[in-house]
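Heads up: the sequence shown begins at 1424 in my numbering, then just goes up one per residue. Quick reminder that beta carbons are idealized off the backbone N, C-alpha and C, glycines included.
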Amino acid sequence: MEIPAKTILITGATSGLGQCAASKFLKQGHTVIMTGRDESKLQQAKHWIQHHASSLNKLFTVVMDQDNVDSLKQAVATLKSMDLGQLDIVIHNAGGLQAERETIQHVEKTIFVNAVAPWYLTLQLIPLMKEQGRILFVTSSLHDPDAHGGGKDKEDKVDVMLRNPDFDNLDGHVWWESMPFYRISKLAQLWLMYLLAERYPHLSINAFCPGFVPTTLLNRHSSLPIRLLMRHVLSWMSFATSEDDAADSYVYYATVDQFNKMTGKYLKKKQVTESSKASKDMAKARQFWNIACDICQLSHHRLE
């Protein structure tokens, strides 16, 4: 059955899964708006997509730096000026994993980029969304304290941080490790997703895990020995997912009818599953929501 054409915004689509998914959406005849950190990266992505998709006629680009609130605001203004109509689907694909500790607006950069920024962008985009439009957060099973992998060499600290996050250390000034903060950012992302779904029931707001893809973000930010292990060994393991298969999941969650009225769900392997117990702690979720409000100066969105 032919899928009606949609208008789809994908953040961080200049490489990896976002780029691959954009190409697949274009092949299906959808209008795709992709964001990237700068014009150069967007042009490179367009050249790649042109080689893999039949046409660029329905591809539009917007410069957006996810670690800068002003850039997020400007991106929304640019989007409004493009006169492309309402958005059917937003896919929060952009994300990061930091090799060194950095802070933005008094919070560690990974947490800002992966959790706060997409939440802020969602609030700005909601007026542009169609009724029952879909908002999808690309998350990770590593949000779960019980998940294996992702650098749990600091076992005790990682476990404590995920089960009982220290909101006074969101800038990492007390203790910081790259992977634990990535995992916390994905936990925070789910907190915000659940609360957004609760507050905006006219939309379908969900999060999905595309699986472990050894050639994407985690690989690019790992040491050389780990990168070689991921690419040449783990890529062949049964638990690994190829970029092409993972990008297919983007298309599935964005276009399949069964998700039309589904909201506040965690999706994995093309079905609804349970996220971690930690992600369902709504007291911590509301606390982090209010921290995000303070970071982005959105006091009118605070929860009492």
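Have a look at residue i and residue j and give me their C-alpha separation to the nearest angstrom.
i, j, result
"Q1497", "M1487", "8 Å"
"K1553", "L1585", "35 Å"
"V1530", "A1630", "23 Å"
"E1600", "V1695", "31 Å"
"P1603", "L1479", "39 Å"
"T1664", "L1610", "22 Å"
"W1598", "E1697", "30 Å"
"L1657", "A1669", "Here L1657 scores only 43 on pLDDT, less than 50, and its place in the model is too uncertain to base an answer on."
"Q1681", "I1628", "13 Å"
"L1551", "D1591", "35 Å"
"S1722", "M1705", "19 Å"
"I1426", "Q1451", "8 Å"
"A1701", "K1532", "22 Å"
"D1461", "V1583", "37 Å"
"F1711", "Q1555", "26 Å"
"D1671", "T1501", "29 Å"
"K1447", "D1490", "27 Å"
"K1703", "V1485", "34 Å"
"K1503", "M1457", "14 Å"
"E1525", "S1699", "27 Å"
Enumerate in chain order the residues of its own chain whose CB-to-CB distance from residue i is below 6 Å, with the five nearest sequence positions on each side excluded.
i, result
"I1512", "K1429, I1431, R1557 and A1677"
"G1518", "N1537"
"Q1528", "I1718"
"K1688", "N1629 and V1695"
"R1459", "Checking the sequence, you will find Gly at residue 1459 rather than Arg. Same-chain partners within the cutoff: T1437 and L1465."
"S1564", "A1570 and C1632"
One question on the structure: do residue i and residue j come within less than 8 Å of each other, judged by their Cβ atoms?
i, j, result
"I1534", "L1495", "no"
"I1472", "L1449", "yes"
"K1481", "V1499", "no"
"A1468", "Q1442", "yes"
"Y1605", "L1520", "yes"
"V1492", "A1715", "no"
"L1619", "R1709", "no"
"W1542", "L1615", "yes"
"H1566", "L1507", "no"
Using 8 Å for Cβ pairs, my map puts residue i next to residue j. What's the rounded Cβ distance?
i, j, result
"I1433", "I1549", "Not really, about 17 Å apart at Cβ, beyond 8 Å."
Output needed for residue i: all residues of its chain with C-beta closer than 8 Å, excluding positions within five of it in sequence on either side, in chain order.
i, result
"N1516", "I1433, T1434, G1435, A1436, L1440, G1441, A1444, V1561 and Y1673"
"N1713", "R1725 and L1726"
"D1589", "V1597"
"P1624", "T1686"
"K1691", "S1564, F1631, C1632 and G1634"
What does a CB cutoff of less than 7 Å around residue i pick up in its chain, not counting 5 residues either side in sequence?
i, result
"M1505", "F1483"
"T1464", "It is worth fixing the name first, because residue 1464 is Lys in this sequence and not Thr. Contacts found: T1437."
"D1667", "C1443"
"L1510", "T1430, L1432, L1548, L1551, M1552, K1553 and G1556"
Pick out the complete beta strand (DSSP E) segments inside the region 1472-1527, 3 residues or longer, and give them in chain order.
-> Segments of the beta strand (DSSP E) lying fully in the region 1472-1527: 1482-1486 and 1510-1515.
Enumerate, from N- to C-terminal direction, the unbroken alpha helix (DSSP H) stretches of 4 or more residues contained entirely within the region 1599-1640.
-> 1601-1622
Kindly provide the ranges of any alpha helix (DSSP H) runs that are 4 or more residues long and lie completely inside the region 1673-1702, ordered along the chain.
-> none
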